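Undergrad:
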Amino acid sequence: MKMIMSRRLLGICIWMGFVSLLRAQTDFTHMDLEVWPDTLNSAIHGKVKLRFQAGEGTDSIGVNGIEMSYDAVTLNGTSIPYSSNDKALWFAGTEVRPGENQLEIEYNCQPRKGIFFIGWDDASGVSPRQVWTQGQGIDHRHWIPHKDDQTDKLTLDIRIHFSADY
Numbered sequence: 008m009k010m011i012m013s014r015r016l017l018g019i020c021i022w023m024g025f026v027s028l029l030r031a032q033t034d035f036t037h038m039d040l041e042v043w044p045d046t047l048n049s050a051i052h053g054k055v056k057l058r059f060q061a062g063e064g065t066d067s068i069g070v071n072g073i074e075m076s077y078d079a080v081t082l083n084g085t086s087i088p089y090s091s092n093d094k095a096l097w098f099a100g101t102e103v104r105p106g107e108n109q110l111e112i113e114y115n116c117q118p119r120k121g122i123f124f125i126g127w128d129d130a131s132g133v134s135p136r137q138v139w140t141q142g143q144g145i146d147h148r149h150w151i152p153h154k155d156d157q158t159d160k161l162t163l164d165i166r167i168h169f170s171a172d173y
């Protein structure tokens, strides 16, 4: 029993060291977010600029993004090849320079979590029309592509483009 516990503890320590190493390689420090809510389709068109510090030898970068389509991805002002699936976007770190970098992503999504469009489909007009988010857990990855880690802290600027009729 004691040997099993020691192996588990060793495994946990190795895993935590690996996670710490990954965090040390990239530190996201600022997000500049610009969004255009499409209330009739419960969708978001957005542009996000993510400033991050990269360590020496960073071989890849990834950000969370649930069920998004990407129109453009640039690193330090240059368009880069990238891969994505329904959960994330990532690219090889060959273009990442040690120190400060900026990743820009233009995207579209119809989020199921994280941001809510209420009352826009109410033809009677009884329900007040709302768009809101509460910053719950890791739900922002459903409407903003970024490193969605509750322990990662960064500064944030947001610009929302919305009809002047509301």
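Going by the working numbering, the sequence shown opens with residue 8, and the numbers climb by one from there.
C-beta: ideal position from N, C-alpha, C; glycine also.
Given the structure is predicted, the values throughout are model-derived calculations rather than measurements.
1) Cα-Cα, which of S170, G132, I165, G106 is closest to F59?
2) Alpha carbon to alpha carbon, how far is D146 from A130? Give it in angstroms, no decimals.
3) Going by alpha carbons, who is nearest to K120 out of V138, D66, T101, W43?
4) Please report the straight-line C-alpha distance between E113 and G132, rounded to a whole angstrom.
5) Going by the CB atoms, is the gap between G53 and R148 shorter than 8 Å?
6) By alpha-carbon positions, which one of W127, S134, Y173, M38 ends up nearest to R166?
7) Taking the alpha-carbon positions, what's the N115 to D128 distance?
TA: With the structure as the only source:
1) Here residue 59 refers to the residue found at position 52 when the sequence shown is read from its first residue. Closest by alpha carbon: G106.
2) Here residue 130 refers to the residue found at position 123 of the sequence shown. Here residue 146 refers to the residue found at position 139 of the sequence shown. Distance between the alpha carbons of A130 and D146 is about 29 Å.
3) Numbered from its first residue, the sequence shown carries residue 120 at position 113. Measuring from the Cα of K120, the nearest candidate turns out to be V138.
4) Reading the sequence shown from its first residue, position 106 is the one you call residue 113. Reading the sequence shown from its first residue, position 125 is the one you call residue 132. Annotation: E113 to G132 spans about 33 Å, alpha carbon to alpha carbon.
5) Counting from one through the sequence shown, the residue named residue 148 turns up at place 141. Counting from one through the sequence shown, the residue named residue 53 turns up at place 46. Taking 8 Å as the cut-off, the beta carbon of R148 is found no closer than this to the beta carbon of G53.
6) Locating residue 166 in the sequence shown gives position 159, counting from the first residue. Nearest option by C-alpha distance: M38.
7) Mapped onto the sequence shown, residue 115 falls at position 108. Mapped onto the sequence shown, residue 128 falls at position 121. Distance between the alpha carbons of N115 and D128: 20 Å.
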